[in-house]
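Now the structure itself:
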C-alpha cells in the first residue's frame, strides 16, 4: 500500500464516514468533525476530501432524498467500500504497532506521559 | 415553516463558483448547514459562517467545470473555421442582392481610398531618399514689403552661400542648382530635339546629393564644351546599347544662333523620380564666384546648403539674419529662411520657377474626400447589416439554443464581413491596377510608390483593410449575437433591434457628406469658369504667341514677311506675353496719395504695334503710332551707354492703364509725369497681365524699336489658326532653320494657368458622383429592408383600403425626412468651408442661394428616385402574398 495515498484529513473524513454509516453525507460529517475537534470545518473542505476519496475508490456514493432545508435538493450519501475498509485497517495497524513499541519508562524519562490522556 | 434562507447575493455567488454538476448536492449542503446554524446561533452568525463557507468553495476541485460529454469545439478550431466559411459563403450567395450592394459600395470605397492613399503617400515621399535629407536646405529670400506683407523667393544672392560657408562652421557645403528643360539632338543637323530635364550645378552638388557615378568622371571637361552627366535611363534612350561617355550632343538654341555642343563626361545612376530635382541630366557649370556686396547689383540663384548633422536651424537662421542685417548696414529688407529639402515639394507656392511641386492643400482635400468616401462605404455596410439583423436574429436564436456560444456567432458574422471585404479588396486591387495609368495621366506625373509595386505598402494596406473590416463588422455582429434566444424565437424584439437612432444619424452623416461634396463641385466649377472666362481687358481669342528668342536682327524682316500670310491681321515684337508675369520690369515710385508710401508699377514693352495687337481699349489720348517718336532704339542705346538709355527711357512716351493713371494721379497727357517716369500719351482700359490669382496690376506700356530678345504676338482672323500656324512654320524654317519654334495659342496658355482648379473640379465631379452613388446605394438597401420588414403592415393597410400613393409616401417619408435634415446640416458647413477656400482668390465667385437649392433638389431627387422605386414595388404587391405566409 502506498501510504501517501491517504492524507490526514482524508483519513479522519474516511473514519467519520465509517462511524456515521449509513447516514454519512457532507453536512453530517462536517458537523461531527466540528463537535469532535472543536474547530470549524467548512463543507467545501469536506466535500473536496470526499470527492478525492471516492476517486481513489475508498468510498462509494449514491443520491439520497431531498429535504426542505436543502431547498429541495438531494443529498449525496457515502459508504466505505471494502477497499476503503482495508486501507483504514492497515493505517490503524501501522499506528498500533508503533504505539506498542513505545515503552512507558522511556516516555517518562523524556518527560512525556500519555497514559492518562 | 419555511427554512431560513442565506443572503441572496451570497447564494448567487456560491452558484457561480460551484461547477454545475456539483450544484445539486453542494448547494443543498450549504443551505442545510445554514439552517442548522441559524437555529443554533441566530441570523448574524449564520450569515457570517455562510460567507466563510462560500469562500471555502474556492478550490479547484469544486470550481472546475465538467467537460460536456458531447464536446464543445472551440470557436477557433479548424473545423469551426471551415464551417464559418462554408456557412458564410452560403449566406452571401443566398442574399445575393444584398451582397451585391455591399460589394459595389465597398469596392468603390476601397478603390478610391487606395488610389488617393497612393497619391498622398507618393507626394509625401518626395526628397526623402537622399542620405543627407535632414541636413539639406534651400535658401529662401524673404522680402519684407510692408508691415505684414512679405514676398518669398526661392532664389538667393549667389554670393551668400560661400560667405556663409566661410563664416559658419555649421555649413558643410553648398551648391547653386538650376533646373530647366532643354532639347538635345545627337547630330547638329537633326531637326527634332529630345526633351530633357536638365539640372545645372557646379561639381559640389555631388557632395550634397547622392550622385552615383557609374562611368566617366565628375570632373569638368577639359575642352571648351559644356560637360554633361547623363542618367542611365536617359543614356539608354539616346544611345541605346552604347557607351555614352565621351559622346557629344547638341542643344537646340533659343538665344544663340548656333547649336552648343555638350560633352557627356559621366554616366550616373538614375536620380530619384520623386524629387523636386527630377532630372535626366546634370550640366556642370563652374561656380561663378561673386562676392557678396552691400551695395550694387547681385545676381540670384537657387542655392542649396548642407549643414552639419544636428544643427539647430532656427538658431542658425537667426544668426545668419542678424549677421546679414549688420553686413547690409541695416538698409536691406531681405531676410533669409532655410527651407528643409523635404518640404520643398509640398510647400513651395511661392517658387515660380519650380516645375515639380504640389500643393499641400490639394493633398489635404484629396485625402479628406477619399476618407469620407470610405466612411460612407463603411456606413452603408453597418447600416445594411444592422437592418438585416432582423432576418438573422432567428438564426442566431436557433444557434444559441443548440448550444452555440456567442463567440461562435460573432466569429460567424465576422467571417461574412471578412469574406465581403476580401472580395471587395480583390475587385478594388484589380480596378486599382488598371486605373493607375489613367490617374498618372490625370496628375501629369508618374507615381513611384504604389500598392502594386511596393511590398511594404501592400502589406500595410492589407493590414489596414483587415482592421477596417474588423471594426466595421464588429458592431453588427455584436448586436445580432446579443439577443436572448427565448425572445427572438418567440418573436419579441426589444427596442434595441431598431437602433434606428444610430442608423438615422449615419444616414444623415452620409448624405451631408455627399451634399457638401456636391456643393463643392458646383462652387469649384463656378470659380474655374469665372477665371477661365473673365474679361481680361484684352482680346485673348485669336491670338498666337511665339516664345521669346533672340531674333538675330531679323525680327523686323520676319514681322513684315509674316504680315503677308493670309489671316494675320497684326503682329508685334513684344518683351512681354500673357502668362509671363506682370511685366518685364517693375519700379517703385512714391505714392502721391500717401507721403512715404511706395507704389509698385509694372512695365511692359514691345514695338509700337503691341497695344493694338493685344486689343487694348483706348480710354483717353492716343495709341502708339509710327507717326510719333514713340519707340526708342533701346538695344543699341543700352549697348552704347546704359545711363543714357535709362535717361531716354525716363523721357519716353508711354501708355498707362486706367488704374495706373488713377493711382499716379495723372491729369494731363503729353507732359512728363515724374511719378510715372515717362510722358503719358494715352490711357488704356485696365487689363489682367497676370493670372487671376493676382489682383490687377497698374501697368505702363513702353515702345521700343524691334527689340532683339523678344517674343512675338500675332493677331489673326477667326478660324485661320491652322493656316497661319503652317505659314509661320514655313517662314520660320526659312529664317531660323536651326532654332526651335515654340508657338502657342494664347487662350490655351491662359487656360493652362488654371489647371489646378480644372483638376480640382474634375476631381470633385468624380468624387461627388461616387459619394452620391454610394449614399443612394446605402439608402436603397435600407428601403429594400424596410419594405421587406413592413410587408405585412403594407398588406393589412391595403386590405383596409390604403392607396398605392399613400403607401409609397409612408415608406418614403422616413428617408426623405433624413435627407432634408442632411441638407440643413450640410449647407451651412459647406458654405463656411467654401467661403474659406474662396478667400485665397482675389477674383472669386459669389455663392448664390440657388446653388444650395439646386444641390438640395438634386439630393432629394436622387433619394426619392431610389426610394420610390422600391416603395412602389412594395405598394403594388398583392397583399394576399404577404399575409398568407406563416
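Chains as they are written, first to last, in UniProt numbering: chain A, 1 to 117; chain U, 1 to 886. Cβ atoms here follow ideal geometry from the backbone N, Cα and C, with glycine treated the same way.
With distances taken between CA atoms, residue 3 of chain U lies nearest to U/37 out of U/484, U/751, U/37, U/14. Distance check between residue 334 of chain U and each of U/502, U/157, U/717 places U/157 closest, using alpha-carbon atoms only. Checking the DSSP bridge columns, you'll see residue 585 of chain U partnered with U/603.
Counting only runs of at least 3 residues, the segment 57 to 143 of chain U fully encloses no beta strand (DSSP E) element at all.
Note on geometry: alpha-carbon atoms of residue 66 of chain U and residue 398 of chain U lie some 24 Å from one another.
Chain order gives the chain A residues near residue 27 of chain U as 70, 71, 73, where near means a beta carbon separation below 9 Å. Of all residues in the segment 27 to 56 of chain U, those with a C-beta nearer than 9 Å to a C-beta of chain A are 27, 28, 29, 30, 31, 32, 33, 34, 35, 36, 49, 52, 53, 54, 55, 56, reading in chain order. For residue 555 of chain U, no beta strand (DSSP E) encloses it; the enclosing alpha helix (DSSP H) starts and ends at 555 to 562. Rounded to whole angstroms, the separation of the alpha carbons of residue 344 of chain U and residue 360 of chain U is 11 Å.
Contact between residue 834 of chain U and residue 847 of chain U holds: CB atoms are separated by about 6 Å, below the 8 Å threshold. Boundaries of the alpha helix (DSSP H) around residue 108 of chain A: 104 to 109. The three-state reading of DSSP puts residue 178 of chain U in strand, counting E and B together.
Remark: C-beta atoms of residue 14 of chain U and residue 54 of chain U approach each other more closely than 8 Å. Taking C-beta separations shorter than 7 Å and ignoring five residues to either side along the sequence, residue 70 of chain A has no partners in its chain. Pairing residue 710 of chain U with residue 831 of chain U gives a Cβ-Cβ distance that is not under 8 Å. According to the DSSP assignment, residue 226 of chain U belongs to the beta strand (DSSP E) that extends over 226 to 231. Under the Cβ criterion of 8 Å, residue 65 of chain U is not counted among the residues facing chain A. With a cutoff of 8 Å on beta-carbon distance, residue 818 of chain U and residue 382 of chain U are scored as not near each other. Chain order gives the chain A residues near residue 62 of chain U as 44, 47, 48, 51, where near means a beta carbon separation below 9 Å.
In this structure, the straight-line span from the alpha carbon of residue 108 of chain U to that of residue 423 of chain U is close to 12 Å.
In the pairwise beta carbon analysis, the segment 604 to 612 of chain U is classified as not touching the segment 656 to 664 of chain U: fewer than three pairs are separated by under 8 Å.
If you look at residue 620 of chain U, you'll find it in the beta strand (DSSP E) that goes 618 to 621. At a Cβ-Cβ threshold of 8 Å, residue 139 of chain U and residue 303 of chain U count as neighbours. In the structure shown, residue 347 of chain U falls within a strand segment according to DSSP collapsed to helix, strand and coil. The C-alpha of residue 368 of chain U lies about 21 Å from the C-alpha of residue 429 of chain U.
A Cβ-Cβ separation of about 5 Å places residue 171 of chain U in contact with residue 164 of chain U under the 8 Å criterion. Residue 16 of chain U has a beta carbon lying at 8 Å or more from every beta carbon in chain A. Beyond the five residues adjoining it in sequence on each side, residue 49 of chain U comes within less than 6 Å, by CB distance, of 37 in the same chain, given in chain order. Residue 697 of chain U has its alpha-carbon roughly 9 Å from the corresponding atom of residue 583 of chain U. Under the 10 Å beta carbon count, residue 47 of chain A is surrounded by 16 or more other beta carbons and is classified as buried.
When the five nearest sequence neighbours on each side are left out, the beta carbons in the same chain lying within less than 7 Å of the beta carbon of residue 251 of chain U are those of 182, 183, 184, 259, 260, 262, in order along the chain. Take the alpha-carbon of residue 400 of chain U and the one of residue 78 of chain A: they are about 38 Å apart. At a cut-off of 8 Å, the C-beta of residue 17 of chain A has no neighbouring C-beta in chain U.
Put simply, the CB of residue 3 of chain U is near chain A, with a gap under 8 Å to one of its CB atoms.
Taking the Cβ atoms as the reference, residue 366 of chain U lies roughly 24 Å from residue 421 of chain U, outside the contact range of under 8 Å.
Contact note: residue 24 of chain U reaches chain A through 73, 74, using a C-beta cutoff of 7 Å and chain order.
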